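To keep things clear, I will list the structure first and then write my remarks on it.
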Amino acid sequence: MSTSAPEAVAGARTNLAGLLVVPATFFVAVMLIGPLAILFRYSLNKFVPGQFMVDAFVIENYVKFFTDAYYLNVLARTVRVAVICTVVCLILGFPLAYVLARTQSRFKNLLVIAVVLPLFVGNAVRAAGWMTAFGSRGALNASLTGLGLIDQPLEIMYTEVAVLIGIIAVNLPFMVLSLQSVIEGIPRNVEEAAFSLGANPAAMFRRVLWPLALPGILAGTILTFILAMNAYATPVLLGGPKFQMMGPLVYGQFAQQNNWPFGGAISFILMTATILLTVAAHLIVQRRYR
Amino acid sequence: MARLSISHLKKIYGDFIAVDDVDISVAEGEFLVLLGPSGCGKTTTLRMIAGFIPPTAGSITIGEQDVTNLPPWKRHCGLVFQSYALFPHMTVAQNVAFGLEMHKVPQAERGPRVAEALRLVRLNGFDERYPRQLSGGQQQRVALARALAMEPKVLLLDEPLSNLDAKLRLEVRVEIRELQRKLGLTTIMVTHDQEEALTMADRLVVMEKGQVRQIGTQRELYERPADRFVAGFIGRSAFLDGEVTAPGLFRTAGGLDIACAAASVPGPATLALRPERIAVGAEVEGLPNRFTARVEHASYLGALLDIQVSLDEHDRMLLQIPNRAGLIEPKPGESISIGWAEDAGLVYPRGA
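Line by line, the protein sequences give chains D and E. Using our numbering, you'd call the opening residue of the first sequence number -13 and step up by one each time. Using our numbering, you'd call the opening residue of the second sequence number 76 and step up by one each time.
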């Protein structure tokens, strides 16, 4: 048949495309799913002090987490910090992303780079910078005391506020970039059409801009939420030893307590909580606006 | 519907004058077209009327109300964009209802008014479709229905047909015009398409470099263009540079003397001739101005032949010959006789 020849070529192309996908798939399988599977298996083992890890098939590590108020508090605090960070990033990021998306300035690329600039600095380095700024003898307190605005130095370091500020600063660029790319795809004319039809800016935002920017809002909130839930360096350096979040807790169990089963269980609880909350938020938003 | 007037409207960006002292008034139910080359300020003028650009000076009045400082959402201008600008996340019915909702029209009234607006643009039954499920022409009709549903004081059309293909453009052109007449809509349309402007307008405003060059009906613009720009922009003209040497006499740069009734004030000037007023071949008998011209270039345009001729080394002009039966097509290098009457040309002073 004469028609079989092109099909063979198309078939060969499909095979080639298939081949190209293999390395990435293999990498993900080996480097992510493999360790996760092992970790999950570990989380079902027993931890016996002195004996390290004992093979078993029990859920006592999970029970331990959910029956101890201390750990539940850590989880609640982590979720609270992540939610606050995400909401603040959205509120601060939207106007910034809008201006970036709509500007006609020749310096637009520079502005975008300025937004991304914080990411050029590693988490630990930035947190160290915050420490010098927020410390009781840091730049902020020194200035305020010098100006005679306060008598006692403000307690910012090792508080939730310090951690919030630190995480928001890291996550804001992700939110802004996610929103900016989507807002750029919304024609300015559509906003003008809404105005000409009698919508004031608030109504235009609520009925036109927000629903059309929704894909970017979802992408940005998911990204910042996941990053905040799993934050490590910022809570350790700015929150101090008493301010526990899930990320440092996992590390502590593995590296300091040598309790791999419990560390594995906490890892899975953190991952599951992140996924569940993300999916729930996604569904609520979609139902509300479609 | 209301009348609209613009007086001394001006928009300056830095040292660029986009719109310079524009005065326009549109009667109730009139269809006015702003026409001009790109960058002439027509779109800026329309956007100032809609309220998207604050004027540097001047005022805009809709009906009895001075709207110069009102935001767009308080102007009741129905606006139709070149790119349709429909809300992609809303159905056709939701798009059309948007203006009613924003103007707090009671829910019970909205349904019938949406249906009526969609019926006007012949899109009844498309209520539940999304814009992406419609063709370009249908989308533009939804945009029109959306603007009409809120019963605007004036309808503003910003190059509404430019994104449509040629055949559809002719259809929608007629539809918009009929609808505008039937509803008695005060309408301002912006276009760079001369034919579109001529077929749709009651009156036209020709703009160039931010200024109004002429306001008038099609006939006024074609037969009595106010200046050389309008003579070249509306329809086609053959131009001969030279000077008026005495009343009734025009001498070209090449030294040809032309009897011309429009020549009055002596001085440098340009003579503009409409191609259809220039006779060719045997028809030149008895005309006061007769010349032998050399054909330089001829293009076949179907109904017409475009012929570039030179009278001498300085004077070149454009002719259009109707493609009648038995026409012998002039070839480059051939000589033909051309001529025109004393009252055929218009004279514009040069360097003014």
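All residues carry an ideal CB built from backbone N, CA and C; glycine is no exception. These numbers were taken from a predicted model, which means no experiment stands behind them.
Under 7 Å from the C-beta of E:HIS164: neighbouring residues of chain D: Against the second sequence, residue 164 of chain E aligns to sequence position 89. Simply PRO197 and LEU198.
query: Which two residues bound the contiguous alpha helix (DSSP H) that contains E:LEU245?
result: Taking the first residue of the second sequence as position 1, residue 245 of chain E is located at position 170. Here the alpha helix (DSSP H) through E:LEU245 covers 241 to 258.
field: Beta bridge counterpart(s) of E:HIS372 as assigned by DSSP
entry: Translated into the one-based positions of the second sequence, residue 372 of chain E becomes position 297. E:HIS372 is bridged to E:GLN383.
- prompt: Are the C-beta of D:ALA179 and some C-beta of chain E separated by less than 7 Å?
  reply: For the purposes of this step, residue 179 of chain D is taken as the residue at position 193 of the first sequence. Closer than 7 Å: yes.
message: Any beta carbon from chain E within less than 7 Å of D:THR258's own beta carbon?
response: As a working note, residue 258 of chain D is residue 272 in the first sequence. Not one chain E Cβ lies under 7 Å of D:THR258.
field: Three-state class that DSSP yields for D:THR(-11) in the structure shown
entry: On the first sequence, position 3 is the one that residue -11 of chain D refers to. Confidence at D:THR(-11) is low in this model, with a pLDDT of 44, below 50, so the placement of that residue is unreliable and no value is reported for it.
- prompt: Alpha carbon to alpha carbon, what distance is there between E:ARG352 and E:ALA373?
  reply: Position 298 of the second sequence, counted from the first residue, corresponds to residue 373 of chain E. Position 277 of the second sequence, counted from the first residue, corresponds to residue 352 of chain E. Rounded to the nearest angstrom, the two C-alpha atoms are 18 Å apart.
- request: Below 6 Å CB to CB, which residues in the same chain sit around D:LEU223 once its five sequence neighbours on both sides are set aside?
  value: Counting from one through the first sequence, the residue named residue 223 of chain D turns up at place 237. ALA113, listed in sequence order.
message: Between E:ILE411 and chain D, is any beta-carbon pair separated by less than 7 Å?
response: Residue 411 of chain E sits at position 336 when you count from the first residue of the second sequence. No - not a single Cβ of chain D is within 7 Å of the one on E:ILE411.
message: Counting only Cβ-Cβ distances shorter than 8 Å, please list the residues of the stretch 328 to 341 of chain E near chain D, keeping chain order.
response: none
task: Could you tell me if E:VAL340 is buried or exposed, where buried requires 16 or more neighbouring beta carbons within 10 angstroms of its beta carbon?
output: Translated into positions along the second sequence, residue 340 of chain E becomes position 265. By the neighbour-count rule (16 or more Cβ atoms within 10 Å), E:VAL340 is not buried but exposed.
- request: Name the residue from D:LEU263, D:VAL265, D:GLN230 and D:VAL271 whose alpha carbon lies nearest to the alpha carbon of D:TYR57.
  value: Start at 1 with the first residue of the first sequence, and residue 57 of chain D comes out as number 71. Comparing Cα-Cα distances from D:TYR57 to each of D:LEU263, D:VAL265, D:GLN230 and D:VAL271, the minimum goes to D:GLN230.
- request: With 7 Å as the threshold, decide whether the Cβ of E:ASP418 is near any Cβ in chain D.
  value: Within the second sequence, numbered from 1, the residue matching residue 418 of chain E stands at position 343. Taking Cβ atoms only, chain D never reaches closer than 7 Å to E:ASP418, which makes this a no.
Rounded separation between D:ASN245 and D:VAL74 - CA only: For the purposes of this step, residue 245 of chain D is taken as residue 259 along the first sequence, with counting starting at 1. For the purposes of this step, residue 74 of chain D is taken as residue 88 along the first sequence, with counting starting at 1. Computed Cα separation, rounded: 36 Å.
- prompt: Can you find a C-beta in chain D that's less than 7 Å from the C-beta of E:ALA427?
  reply: Residue numbering aside, residue 427 of chain E sits at position 352 when the second sequence is read from its first letter. A caution first: E:ALA427 carries a pLDDT of 48, below 50, which makes its placement in the model too unreliable to give a value.
- request: Give the secondary structure of E:LYS179 by DSSP, where H, G and I count as helix, E and B as strand, and everything else as coil.
  value: Along the second sequence, read from residue 1 onward, the residue named residue 179 of chain E stands at position 104. DSSP places E:LYS179 in coil when its eight states are reduced to three.
- prompt: Between D:ALA267, D:PRO187, D:ALA119 and D:ASN1, which lies nearest to D:ILE346 when the distance is taken from Cα to Cα?
  reply: No information on residue 346 of chain D is available, as it lies outside the stretch -13 to 276 that chain D covers here.
field: Three CB pairs or more closer than 8 Å across the stretch 203 to 210 of chain D and the stretch 253 to 262 of chain E
entry: no
field: Segments assigned alpha helix (DSSP H), at least 4 residues, entirely inside the stretch 88 to 129 of chain E
entry: 117 to 125
field: Integer Cβ distance of E:LEU296 from E:ILE309, believed to fall under 8 Å
entry: By one-based count along the second sequence, residue 296 of chain E stands at place 221. By one-based count along the second sequence, residue 309 of chain E stands at place 234. About 5 Å; that satisfies the 8 Å criterion.
- prompt: My guess is that E:ARG369 and E:SER410 are in contact by the Cβ rule of under 8 Å, so how many angstroms apart are they, rounded?
  reply: The residue given as residue 369 of chain E occupies position 294 in the second sequence. The residue given as residue 410 of chain E occupies position 335 in the second sequence. Correct: roughly 6 Å between the Cβ atoms.
query: Quick one: does D:GLY79 have its CB under 7 Å from some CB of chain E?
result: On the first sequence, position 93 is the one that residue 79 of chain D refers to. So, not an interface residue.
field: Proximity of E:LEU236 and E:LEU121 at Cβ, strictly below 7 Å
entry: One-based indexing of the second sequence puts residue 236 of chain E at position 161. One-based indexing of the second sequence puts residue 121 of chain E at position 46. Not a contact, by the Cβ cut-off of 7 Å.
field: Limits of the beta strand (DSSP E) - the one that D:THR348 falls within
entry: No information on residue 348 of chain D is available, as it lies outside the stretch -13 to 276 that chain D covers here.
- request: Mind checking which residues open and close the beta strand (DSSP E) that includes E:TRP415?
  value: The sequence position of residue 415 of chain E within the second sequence is 340, counting from 1. Here the beta strand (DSSP E) through E:TRP415 covers 410 to 415.
query: For the stretch 119 to 149 of chain E, which residues have a CB atom closer than 9 Å to at least one CB atom of chain D, in sequence order?
result: ARG122, ALA125, GLY126, PHE127, PRO146, PRO147, TRP148 and LYS149
query: Closest Cβ-Cβ distance between D:LEU183 and chain E: below 7 Å?
result: Position 197 of the first sequence, counted from the first residue, corresponds to residue 183 of chain D. Yes, contact with chain E.
- request: Name, please, each residue of chain E whose Cβ falls closer than 9 Å to the Cβ of D:THR186.
  value: Translated into positions along the first sequence, residue 186 of chain D becomes position 200. The residue asked about is misnamed: residue 186 of chain D is Asn in this sequence, not Thr. In chain order: PRO146, TRP148, LYS149 and MET177.
task: Would you please verify whether the beta carbon of D:ASN175 is less than 7 Å from any beta carbon of chain E?
output: In the first sequence, the residue the question calls residue 175 of chain D occupies position 189. For D:ASN175, the answer is yes, since a Cβ of chain E falls inside 7 Å of its Cβ.
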